[in-house]
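Worksheet for the structure shown next.
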Amino acid sequence: MKRFIVAALAAALAGTAAQAAEFTPVQGGTAAASFASSGPFEQSFVANAGLLTNFAFTFATTNRTATTSTVTFSLFTQNGDTALASQTTNLSGLTFRTLGGFVDVFAGSVALTAGTTYRAVLSSDSSSLALGYNNASDAYAQGALTRRSNSDAACVAGSNRCDANFRYSVQPIAAVPEPASWALMLTGFALVGGAARYRRRATVLRYH
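So in UniProt numbering, the last spot in the sequence shown is 208, and the numbers never skip.
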């Protein structure tokens with residue numbers, strides 16, 4: 001009986017917990033653009049509903065000896081001027097003119113609205129940091145990488161051909177248990193408590 005109650009409670013609570021979903025709209029791009037000459041950068045994307053918990057990009061260095069740097073990530077709505085989140089990250093292990101794997105530049109919790117366009121903005125004062133992107137085709141049709149300099153033939157404003165390598169994670173917002181689920185849980189707790197009291201009483205009688 002107790003096992004059944006515990007199983008029922010677990011089932012009732014299962015709807016309130018959900019795994020974070022990871023999305024990688026663009027990866028594998030081998031081009032890199034310097035923050036010093038073309039930054040800041042912004043990558044627009046259409047959100048999935050939930051809590052944004054992570055955002056990552058790929059980076060390289062244009063200086064053999066400069067293997068560390070800092071970058072600031074800020075999140076905006078498509079037309080908004082107020083940052084929904086902002087975080088500065090210290091980068092290390094940067095490789096010369098070679099993009100490394102994804103590096104997390106944001107970890108937190110920001111509510112996103114499904115179907116809404118957001119802008120992930122990256123800025124850096126580094127003279128050697130470069131951002132990885134894909135310039136072979138329109139790798140991500142729902143957004144684009146915007147650069148301060150539009151002189152690059154692969155990233156002319158309006159062509160929408162460039163997209164940064166980027167990845168992000170969204171945690172579904174837990175649903176509030178239905179009244180019936182709450183009733184089941186409360187009943188289950190009461191029954192478990194009653195079973196425990198009965199077991200203790202039976203133990204006392206056994207030794208008498």
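Beta carbons are placed, not taken as given, at the ideal position from N, Cα and C, and that holds for glycine.
field: Pairwise C-alpha distance: S34 and S74
entry: Translated into positions along the sequence shown, residue 74 becomes position 74. Translated into positions along the sequence shown, residue 34 becomes position 34. So the alpha carbons of these two residues sit roughly 18 Å apart.
Please state the DSSP three-state secondary structure of F23. One-based indexing of the sequence shown puts residue 23 at position 23. Reduced to three states, the DSSP call for F23 is strand.
Among P172, T77, A141 and A60, which residue has its Cα nearest to the Cα of residue 209? Nothing can be reported for residue 209, as the shown portion of the chain is limited to 1 through 208.
task = Could you tell me whether the Cβ atoms of Q43 and A164 are closer together than 7 Å?
result = Position 43 of the sequence shown holds residue 43. Position 164 of the sequence shown holds residue 164. Yes, these two residues count as a Cβ contact at 7 Å.
| Among A136, A130 and R161, nearest to L145 - alpha-carbon criterion | Numbered from its first residue, the sequence shown carries residue 145 at position 145. The shortest Cα separation from L145 among A136, A130 and R161 belongs to R161.
Next item on the list: Kindly indicate the opening and closing residues of the beta strand (DSSP E) around A33.
Entry: Reading the sequence shown from its first residue, position 33 is the one you call residue 33. Taken as a continuous stretch (DSSP letters only), the beta strand (DSSP E) holding A33 covers A31 to S34.
* Consult DSSP for S123 and reduce its assignment to one of helix, strand or coil. => Sequence index remark: in the sequence shown, residue 123 carries index 123 (1-based). Correct three-state label for S123: strand.
Can you tell me the Cα-Cα spacing of Q142 and A56, whole angstroms? If you number the sequence shown from 1, residue 142 lands on position 142. If you number the sequence shown from 1, residue 56 lands on position 56. In a straight line, the C-alpha of Q142 is about 18 Å away from that of A56.
**Prompt:** When DSSP builds the beta bridges, which residues end up paired with V170?
**Reply:** As a working mapping, residue 170 is identified with position 170 in the sequence shown. A21 and L52.
Checklist entry - Among S92, A49 and N79, which one has its Cα closest to the Cα of S69? => result Along the sequence shown, read from residue 1 onward, the residue named residue 69 stands at position 69. Out of S92, A49 and N79, S92 has the C-alpha closest to the C-alpha of S69.
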